[in-house]
Amino acid sequence: MADIQLQLPFITRLKLLTHELMKRAILRSDNTINRRIYNLFNIRSPAPATKLIDNTTPVSTSDVPVDPSRNLWFRLFVPTTASNTPLPFILYFHGGGFYAFGPDFINYDSLCSRLAAQLPAVIASVNYRLAPEHRYPSQYEDGYESLQFINSHNYAVLPANTDLSKCFIAGDSAGGNIAHHVTVRACNNSQQLDKLRIEGLMLLQPFFGGEERTEAELRLKMAPVLNVEYTDTMWRGFLPGRR
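Take the sequence shown: its position 36, counting from 1, is numbered 36 in the numbering used here, and each next residue is one higher.
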(Lines of atoms letter the chains of each structure in order from A; the text may use other names.)
(Lines give C-alpha, C1' and ligand atoms only; values in the text may rest on other atoms or scores of the structure.)
Protein backbone atom coordinates (compact mmCIF):
# COMPACT_ATOMS: atom_id res chain seq x y z
CA MET A 1 0.00 0.00 0.00
CA ALA A 2 1.51 3.30 -1.12
CA ASP A 3 2.01 6.09 1.39
CA ILE A 4 -0.21 9.13 0.95
CA GLN A 5 1.73 12.33 0.34
CA LEU A 6 -0.37 15.42 1.02
CA GLN A 7 -0.04 18.48 -1.21
CA LEU A 8 -0.45 21.43 1.14
CA PRO A 9 -0.38 25.23 0.70
CA PHE A 10 2.85 27.00 1.63
CA ILE A 11 1.41 28.70 4.74
CA THR A 12 0.07 25.38 5.99
CA ARG A 13 3.44 23.72 5.38
CA LEU A 14 5.16 26.57 7.26
CA LYS A 15 2.84 26.08 10.24
CA LEU A 16 3.48 22.34 10.17
CA LEU A 17 7.23 22.94 10.08
CA THR A 18 6.93 25.22 13.11
CA HIS A 19 4.91 22.54 14.90
CA GLU A 20 7.53 19.91 14.04
CA LEU A 21 10.39 22.07 15.33
CA MET A 22 8.45 22.77 18.53
CA LYS A 23 7.75 19.06 18.95
CA ARG A 24 11.41 18.15 18.52
CA ALA A 25 12.44 20.80 21.05
CA ILE A 26 9.99 19.49 23.65
CA LEU A 27 10.31 15.72 23.20
CA ARG A 28 13.58 14.21 24.39
CA SER A 29 15.01 11.00 22.92
CA ASP A 30 14.14 9.06 26.09
CA ASN A 31 10.44 10.04 25.70
CA THR A 32 10.54 12.56 28.55
CA ILE A 33 9.32 16.13 28.13
CA ASN A 34 11.34 19.32 28.43
CA ARG A 35 8.74 21.14 30.51
CA ARG A 36 10.73 24.38 30.53
CA ILE A 37 10.48 24.69 26.75
CA TYR A 38 6.97 23.22 26.74
CA ASN A 39 5.76 25.97 29.08
CA LEU A 40 6.87 28.60 26.55
CA PHE A 41 4.22 27.29 24.14
CA ASN A 42 1.58 26.41 26.74
CA ILE A 43 -0.27 29.73 26.69
CA ARG A 44 -2.75 29.84 29.55
CA SER A 45 -5.99 31.70 30.15
CA PRO A 46 -6.54 32.94 33.73
CA ALA A 47 -9.58 32.32 35.93
CA PRO A 48 -11.83 33.51 37.43
CA ALA A 49 -12.98 35.44 34.40
CA THR A 50 -16.05 36.23 32.34
CA LYS A 51 -15.96 35.98 28.54
CA LEU A 52 -18.54 37.21 26.06
CA ILE A 53 -19.09 34.49 23.45
CA ASP A 54 -20.30 35.62 20.00
CA ASN A 55 -21.01 39.03 21.56
CA THR A 56 -24.16 37.63 23.16
CA THR A 57 -23.54 35.06 25.90
CA PRO A 58 -21.33 35.71 28.94
CA VAL A 59 -19.60 32.62 30.33
CA SER A 60 -17.96 32.71 33.75
CA THR A 61 -14.97 30.52 34.57
CA SER A 62 -13.54 29.43 37.90
CA ASP A 63 -11.12 26.74 39.09
CA VAL A 64 -12.29 24.18 41.65
CA PRO A 65 -9.68 22.13 43.60
CA VAL A 66 -10.27 18.38 43.94
CA ASP A 67 -6.96 17.16 45.40
CA PRO A 68 -4.27 19.87 45.73
CA SER A 69 -1.63 17.26 46.70
CA ARG A 70 -1.55 16.10 43.06
CA ASN A 71 -2.74 19.31 41.43
CA LEU A 72 -6.09 17.75 40.53
CA TRP A 73 -8.71 20.40 39.78
CA PHE A 74 -11.26 21.32 37.17
CA ARG A 75 -12.22 24.53 35.44
CA LEU A 76 -15.92 25.31 35.60
CA PHE A 77 -17.62 27.03 32.64
CA VAL A 78 -21.06 28.50 33.37
CA PRO A 79 -23.25 30.46 30.91
CA THR A 80 -24.63 33.22 33.13
CA THR A 81 -27.61 34.20 30.94
CA ALA A 82 -29.33 30.86 31.65
CA SER A 83 -29.27 31.07 35.45
CA ASN A 84 -32.96 30.15 35.77
CA THR A 85 -32.91 27.33 33.21
CA PRO A 86 -31.87 23.76 34.14
CA LEU A 87 -28.67 22.98 32.24
CA PRO A 88 -27.05 19.61 31.48
CA PHE A 89 -23.63 18.90 32.95
CA ILE A 90 -20.56 17.87 30.92
CA LEU A 91 -17.36 16.48 32.40
CA TYR A 92 -14.69 17.24 29.78
CA PHE A 93 -11.20 15.80 29.25
CA HIS A 94 -8.76 17.74 27.07
CA GLY A 95 -6.50 16.16 24.47
CA GLY A 96 -2.74 16.37 24.13
CA GLY A 97 -1.43 12.81 23.83
CA PHE A 98 -1.69 12.32 27.62
CA TYR A 99 1.35 14.58 28.10
CA ALA A 100 0.31 18.11 27.13
CA PHE A 101 -2.12 20.94 27.87
CA GLY A 102 -4.76 21.50 30.53
CA PRO A 103 -8.15 23.16 31.03
CA ASP A 104 -6.41 26.55 31.24
CA PHE A 105 -4.60 26.12 27.89
CA ILE A 106 -5.96 29.00 25.84
CA ASN A 107 -7.43 26.78 23.09
CA TYR A 108 -9.26 24.49 25.52
CA ASP A 109 -10.46 27.40 27.62
CA SER A 110 -11.88 28.91 24.44
CA LEU A 111 -13.42 25.61 23.29
CA CYS A 112 -15.19 24.89 26.57
CA SER A 113 -16.37 28.50 26.88
CA ARG A 114 -17.92 28.27 23.43
CA LEU A 115 -19.52 24.90 24.14
CA ALA A 116 -20.96 26.17 27.42
CA ALA A 117 -22.51 29.16 25.63
CA GLN A 118 -23.80 27.47 22.50
CA LEU A 119 -25.23 24.24 23.93
CA PRO A 120 -25.83 25.66 26.63
CA ALA A 121 -24.39 23.52 29.44
CA VAL A 122 -22.35 23.64 32.63
CA ILE A 123 -18.91 22.21 31.84
CA ALA A 124 -16.15 21.01 34.16
CA SER A 125 -12.83 20.49 32.35
CA VAL A 126 -10.45 18.27 34.34
CA ASN A 127 -6.78 19.02 34.99
CA TYR A 128 -5.54 15.42 35.15
CA ARG A 129 -1.91 14.44 35.72
CA LEU A 130 0.28 14.27 32.62
CA ALA A 131 2.56 11.59 31.22
CA PRO A 132 5.37 10.63 31.21
CA GLU A 133 5.85 11.96 34.75
CA HIS A 134 2.58 10.22 35.66
CA ARG A 135 1.80 7.09 33.70
CA TYR A 136 -1.27 4.88 33.37
CA PRO A 137 -3.58 4.61 35.29
CA SER A 138 -3.06 8.09 36.79
CA GLN A 139 -5.18 9.85 34.16
CA TYR A 140 -8.08 7.42 34.51
CA GLU A 141 -7.96 7.65 38.30
CA ASP A 142 -7.97 11.45 38.21
CA GLY A 143 -10.93 11.42 35.84
CA TYR A 144 -13.02 9.04 37.92
CA GLU A 145 -12.17 10.76 41.19
CA SER A 146 -13.24 14.09 39.69
CA LEU A 147 -16.58 12.50 38.85
CA GLN A 148 -16.86 11.16 42.41
CA PHE A 149 -16.00 14.61 43.78
CA ILE A 150 -18.80 16.20 41.77
CA ASN A 151 -21.21 13.49 42.90
CA SER A 152 -20.28 14.12 46.55
CA HIS A 153 -20.11 17.93 46.52
CA ASN A 154 -22.49 18.68 43.61
CA TYR A 155 -24.26 21.97 44.41
CA ALA A 156 -21.54 23.14 46.78
CA VAL A 157 -19.32 23.59 43.70
CA LEU A 158 -21.85 23.69 40.83
CA PRO A 159 -24.49 26.34 40.09
CA ALA A 160 -27.97 25.57 41.41
CA ASN A 161 -29.44 25.17 37.91
CA THR A 162 -27.10 22.27 37.00
CA ASP A 163 -29.20 19.23 36.07
CA LEU A 164 -27.12 16.25 37.23
CA SER A 165 -29.75 13.87 35.91
CA LYS A 166 -28.43 14.88 32.48
CA CYS A 167 -24.70 14.25 32.85
CA PHE A 168 -22.46 13.68 29.84
CA ILE A 169 -18.78 12.72 29.71
CA ALA A 170 -16.76 14.06 26.80
CA GLY A 171 -13.22 14.45 25.53
CA ASP A 172 -11.07 14.86 22.45
CA SER A 173 -8.02 12.86 21.34
CA ALA A 174 -6.35 11.40 24.46
CA GLY A 175 -9.13 13.04 26.45
CA GLY A 176 -11.59 10.93 24.48
CA ASN A 177 -9.69 7.83 25.58
CA ILE A 178 -9.90 8.96 29.21
CA ALA A 179 -13.59 9.82 28.86
CA HIS A 180 -14.29 6.30 27.55
CA HIS A 181 -12.53 4.56 30.44
CA VAL A 182 -14.04 6.87 33.07
CA THR A 183 -17.51 6.17 31.67
CA VAL A 184 -16.97 2.39 31.69
CA ARG A 185 -15.83 2.54 35.31
CA ALA A 186 -18.74 4.78 36.25
CA CYS A 187 -21.24 2.39 34.66
CA ASN A 188 -19.68 -0.55 36.50
CA ASN A 189 -19.87 1.34 39.82
CA SER A 190 -23.12 3.24 39.44
CA GLN A 191 -23.97 2.71 43.13
CA GLN A 192 -21.06 5.05 44.00
CA LEU A 193 -22.57 7.84 41.88
CA ASP A 194 -26.03 8.24 43.36
CA LYS A 195 -26.40 11.99 42.82
CA LEU A 196 -25.89 12.03 39.06
CA ARG A 197 -27.05 10.10 36.02
CA ILE A 198 -24.76 9.60 33.02
CA GLU A 199 -26.84 10.04 29.88
CA GLY A 200 -24.17 9.86 27.22
CA LEU A 201 -20.54 9.74 26.09
CA MET A 202 -19.19 12.20 23.50
CA LEU A 203 -15.83 11.35 21.89
CA LEU A 204 -14.13 13.82 19.55
CA GLN A 205 -11.48 12.04 17.45
CA PRO A 206 -10.62 9.74 20.38
CA PHE A 207 -7.05 8.44 20.66
CA PHE A 208 -7.02 4.64 20.85
CA GLY A 209 -4.30 2.17 19.89
CA GLY A 210 -3.44 -1.50 19.74
CA GLU A 211 -0.61 -3.95 19.21
CA GLU A 212 -1.43 -4.34 15.50
CA ARG A 213 -1.39 -1.48 13.01
CA THR A 214 -4.72 -0.41 11.61
CA GLU A 215 -5.22 0.20 7.90
CA ALA A 216 -5.29 3.96 8.50
CA GLU A 217 -2.04 3.88 10.50
CA LEU A 218 -0.30 2.09 7.65
CA ARG A 219 -1.78 4.36 5.00
CA LEU A 220 -0.99 7.60 6.84
CA LYS A 221 2.29 6.65 8.48
CA MET A 222 4.05 9.64 6.89
CA ALA A 223 1.24 12.12 7.62
CA PRO A 224 2.18 15.56 8.99
CA VAL A 225 1.50 16.52 12.63
CA LEU A 226 0.24 13.10 13.75
CA ASN A 227 1.80 9.93 12.40
CA VAL A 228 2.64 6.48 13.72
CA GLU A 229 6.10 7.49 14.96
CA TYR A 230 4.63 10.37 16.96
CA THR A 231 1.70 8.40 18.41
CA ASP A 232 4.05 5.56 19.36
CA THR A 233 6.04 8.11 21.37
CA MET A 234 2.86 9.12 23.18
CA TRP A 235 1.98 5.51 24.01
CA ARG A 236 5.51 4.81 25.29
CA GLY A 237 5.22 7.81 27.61
CA PHE A 238 1.77 6.78 28.83
CA LEU A 239 2.06 3.02 29.33
CA PRO A 240 4.04 1.71 32.32
CA GLY A 241 7.29 -0.09 31.62
CA ARG A 242 7.68 1.39 28.11
CA ARG A 243 10.66 3.36 26.86
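Ideal Cβ positions, reconstructed from N, Cα and C, are used throughout, including at glycine.
Cβ neighbours of residue i in the same chain (closer than 6 Å, five flanking residues each side left out)
i, result
"Asn127", "Trp73, Gly102, Pro103"
"Pro58", "Thr50, Leu52, Thr80"
"Ala121", "Leu87, Pro88, Ile90"
"Arg60", "As written in the sequence, residue 60 is Ser, which differs from the Arg given in the question. Closer than 6 Å at Cβ, skipping near neighbours: Thr50, Val78, Thr80."
Cβ-based neighbour list, residue i, same chain, cut-off 7 Å, excluding 5 preceding and 5 following
i, result
"Ile26", "Ile33, Asn34, Ile37, Tyr38"
"Ala174", "Gly95, Gly96, Gly97, Phe98, Phe207"
"Val225", "Leu16, His19"
"Asp63", "Ala47, Trp73, Arg75"
"Glu227", "In the sequence as displayed, the identity of residue 227 is Asn instead of Glu. So the qualifying residues of the chain are Leu220, Lys221."
Cβ neighbour criterion (16 or more within 10 Å) applied to residue i
i, result
"Phe10", "exposed"
"Arg13", "exposed"
"His19", "exposed"
"Ala131", "buried"
"Thr85", "exposed"
"Ala186", "buried"
"Thr214", "exposed"
"Gly210", "exposed"
Per DSSP, the bridge partner or partners of residue i
i, result
"Cys167", "Phe89, Ile198"
"Ala49", "Thr61"
"Arg44", "Phe105"
"Ile26", "Answer by DSSP bridge pairing: none, since Ile26 is not bridged."
Enclosing beta strand (DSSP E) for residue i [first to last residue]
i, result
"Arg75", "72 to 79"
"Asn188", "No beta strand (DSSP E) contains Asn188, which is instead part of the alpha helix (DSSP H) from 174 to 188."
"Ala124", "122 to 127"
Where residue i falls: helix, strand or coil (DSSP)
i, result
"Thr18", "helix"
"Ser69", "helix"
"Ser113", "helix"
"Leu203", "strand"
"Ala100", "coil"
"Asn55", "coil"
"Asn39", "helix"
"Thr254", "For residue 254 there is no data in the structure shown, the boundaries of the chain being 1 and 243."
Cut-off 8 Å between Cβ atoms - residues of its own chain near residue i, not counting five sequence neighbours on either side
i, result
"Thr183", "Ile169, Ile198, Leu201"
Alpha helix (DSSP H) segment containing residue i, residue limits
i, result
"Asn151", "138 to 153"
"Met234", "228 to 238"
"Leu218", "215 to 219"
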